[in-house]
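A short worksheet on the structure shown next.
2 protein chains.
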Amino acid sequence: MNPISSEIASSFRRHGLRCTAQRYAVFQYLLKHPRHPTVEEIRKAINRHDPRASRATVYNSLHALVEAGLIREVSIAGQATRFECHIERHHHFVCDRCERIEDVEWFDFEEIAKKSGITSHSIREVVFQGLCANCLSRTGR
Amino acid sequence: MNPISSEIASSFRRHGLRCTAQRYAVFQYLLKHPRHPTVEEIRKAINRHDPRASRATVYNSLHALVEAGLIREVSIAGQATRFECHIERHHHFVCDRCERIEDVEWFDFEEIAKKSGITSHSIREVVFQGLCANCLSRTGR
DNA sequence: TTTTGTGCAAAAGGTTTGCATACGA
DNA sequence: TCGTATGCAAACCTTTTGCACAAAA
Numbered sequence: 001m002n003p004i005s006s007e008i009a010s011s012f013r014r015h016g017l018r019c020t021a022q023r024y025a026v027f028q029y030l031l032k033h034p035r036h037p038t039v040e041e042i043r044k045a046i047n048r049h050d051p052r053a054s055r056a057t058v059y060n061s062l063h064a065l066v067e068a069g070l071i072r073e074v075s076i077a078g079q080a081t082r083f084e085c086h087i088e089r090h091h092h093f094v095c096d097r098c099e100r101i102e103d104v105e106w107f108d109f110e111e112i113a114k115k116s117g118i119t120s121h122s123i124r125e126v127v128f129q130g131l132c133a134n135c136l137s138r139t140g141r
Numbered sequence: 001m002n003p004i005s006s007e008i009a010s011s012f013r014r015h016g017l018r019c020t021a022q023r024y025a026v027f028q029y030l031l032k033h034p035r036h037p038t039v040e041e042i043r044k045a046i047n048r049h050d051p052r053a054s055r056a057t058v059y060n061s062l063h064a065l066v067e068a069g070l071i072r073e074v075s076i077a078g079q080a081t082r083f084e085c086h087i088e089r090h091h092h093f094v095c096d097r098c099e100r101i102e103d104v105e106w107f108d109f110e111e112i113a114k115k116s117g118i119t120s121h122s123i124r125e126v127v128f129q130g131l132c133a134n135c136l137s138r139t140g141r
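Each protein sequence line maps, in turn, to chains A and B.
The numbering of the first sequence is the working numbering, which starts it at 1 and goes up by one.
The numbering of the second sequence is the working numbering, which starts it at 1 and goes up by one.
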């Protein structure tokens, strides 16, 4: 395992999280792999090195990090839950075909939404579903 | 069971679907309950009367009806899959707290989306996530 | 030393699958 | 009759839970 960054360790503590090797490995993995990995992807990856982490621990770690606001959960319908360390507000796009997930720059829907029957909601995130440019060009439609 | 509507029966046939009692019951239920029921809700409801349907059959029926374009699947992250017979294009809103799902009138995002880093996607649906008016007023935030 | 996290295995949903039987056309 | 749908039970996947043990502070 890499040496523990004291920055990360103290960031953990600042958020009331003990700095365990497993938790640290999970977070490190997310820092290095910003492509919305699933829980299994994370678990397999970190278990190629020390320390190893059980499934339950990976779930625990992820939830603790989400609670602390250090990472974000990306729940996509029909897919296993994914996680990212990109915590600024943003939206997501999911391709119906290849299931690729893309980050979409934040923009405010309130005004648009109001015109369309959503009244006074506080919108946390919007998920676009459709075909990505790749799949679109590959199929014509 | 209610008498079989020959309209529905012939609509099934027009779409290449045999008109089985179970399939019919599933479809009828969706017609009468437009509030995005889950598979279990549908199954329990139709099994209060004749004909009864097994879990597998309810899934089969729903998938066949979706294939045929007679109903729509509503996949919401973190929830069991739901179905509706409202097949015109529309969006959905999901409340983070009470999990209520609301239909949102269709509107075209392409223009808005382009400005925000989505390029040339064909958008099928947009899911808004946030707090519904109810939960918003109940909590202040 | 105290508290919190970890590992394991089992359980809990939701959904799919395989196969023998029943039923619609 | 032929081909497709149904029912059942088992399998599968993701996620949660309970509990004894280990590690952080």
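Every residue gets a Cβ at the ideal spot worked out from N, C-alpha and C, and that includes glycine.
Exercise for review: Give the straight-line distance between the Cα atoms of R23(B) and L62(B), rounded to the nearest whole angstrom.
Suggested key: 8 Å
**Study point:** C-beta atoms of H33(A) and R82(A) nearer than 8 Å
**Key:** no
Exercise for review: Pick helix, strand or coil for G107(B), following the three-state DSSP scheme.
Suggested key: Sequence check: residue 107(B) is Phe here, not Gly. Of the three classes helix, strand and coil, the one that applies to F107(B) here is coil, per DSSP.
Point to revise | For C19(A) and A25(B), the rounded distance between their alpha carbons | key: 55 Å
Check your understanding: Is there contact between the region 65 to 77 of chain B and the region 108 to 115 of chain B, where contact requires at least three CB pairs shorter than 8 Å?
Key -> Short answer: they don't touch.
Check your understanding: Beta-carbon of C98(A) versus every beta-carbon of chain B: anything under 8 Å?
Key -> no
Review point. My guess is that W106(A) and H91(A) are in contact by the Cβ rule of under 8 Å, so how many angstroms apart are they, rounded?
Key: A Cβ-Cβ distance of about 7 Å is found for the pair W106(A) and H91(A), placing them in contact under the 8 Å criterion.
Review point. Roughly how many angstroms lie between the CA atoms of T57(B) and N134(B), to the nearest whole one?
Key: Spanning the two alpha carbons is a distance of roughly 36 Å.
Check your understanding: Taking the C-alpha atoms as reference points, what is the distance between I123(A) and V104(A)?
Key -> CA-to-CA, the gap between I123(A) and V104(A) works out to about 15 Å.
Point to revise | Minimum Cβ-Cβ distance from M1(A) to chain B less than 8 Å | key: The predicted position of M1(A) is uncertain, since its pLDDT is 48 and thus under 50; a value taken from the coordinates is nonetheless stated next. Chain B places no beta carbon closer than 8 Å to that of M1(A), leaving this residue out of the contacts.
Check your understanding: Does V66(B) come within less than 8 Å of chain A when only Cβ atoms are used?
Key -> no
**Study point:** Residues within the region 54 to 81 of chain A neighbouring chain B, beta-carbon criterion of under 7 Å
**Key:** S75, I76, A77, G78
Exercise for review: Kindly indicate which residue of D108(A), E99(A), E125(A), E84(A) has the alpha-carbon position closest to the one of C132(A).
Suggested key: E99(A)
Review point. Which runs of the beta strand (DSSP E), 3 residues or longer, sit entirely within the region 35 to 108 of chain A?
Key: 72 to 74, 82 to 84, 90 to 95, 101 to 105
**Study point:** Contact with chain A by G16(B), beta-carbon distance below 8 Å
**Key:** no
**Study point:** Alpha-carbon spacing of R43(B) relative to I71(B), whole angstroms
**Key:** 16 Å
Review point. Would G69(A) pass as a contact of D96(A) if the rule is Cβ separation under 8 Å?
Key: no
Practice item. Buried or exposed for R13(B), please, with buried defined as at least 16 other CB atoms from any protein chain shown within 10 angstroms of its CB. Key: exposed
Check your understanding: Which one of T38(A), H15(A), H49(A), E40(A) has the shortest CA to CA distance from A21(A)?
Key -> It is H49(A).
Check your understanding: Can we count C132(A) as close to the ligand PLP, meaning its CB is less than 7 Å from some heavy atom?
Key -> Of ligands this structure carries none, so the ligand PLP is not represented either.
Exercise for review: Put I118(B) into one of helix, strand or coil per three-state DSSP.
Suggested key: coil
Point to revise | Rounded distance between the beta-carbons of I46(B) and Y59(B), thought under 8 Å | key: That belief does not hold up - the Cβ atoms of Y59(B) and I46(B) are roughly 13 Å apart, past 8 Å.
Review point. Count the other CB atoms within 10 Å of the CB of E67(A); is the residue buried (16 or more) or exposed (fewer)?
Key: exposed
Check your understanding: In terms of residue numbering, what span does the alpha helix (DSSP H) encompassing L17(B) cover?
Key -> Neither: L17(B) is in no alpha helix (DSSP H) and is coded neither H nor E.
Point to revise | Boundaries of the alpha helix (DSSP H) in which S137(A) is found, first to last residue | key: 133 to 139
Review point. Beta-carbon of N134(B) versus every beta-carbon of chain A: anything under 8 Å?
Key: no
Review point. In chain B, which residues lie with their C-beta within 7 Å of the C-beta of V89(A)?
Key: Looking at the sequence shown, residue 89(A) is not Val but Arg. R89(A) does not reach chain B, its nearest Cβ partner there being about 12 Å away, counting only Cβ pairs nearer than 7 Å.
Check your understanding: What does R48(B) reach in chain A if we use C-beta pairs closer than 7 Å?
Key -> Residues of chain A passing the Cβ test: none, with the nearest at roughly 29 Å.
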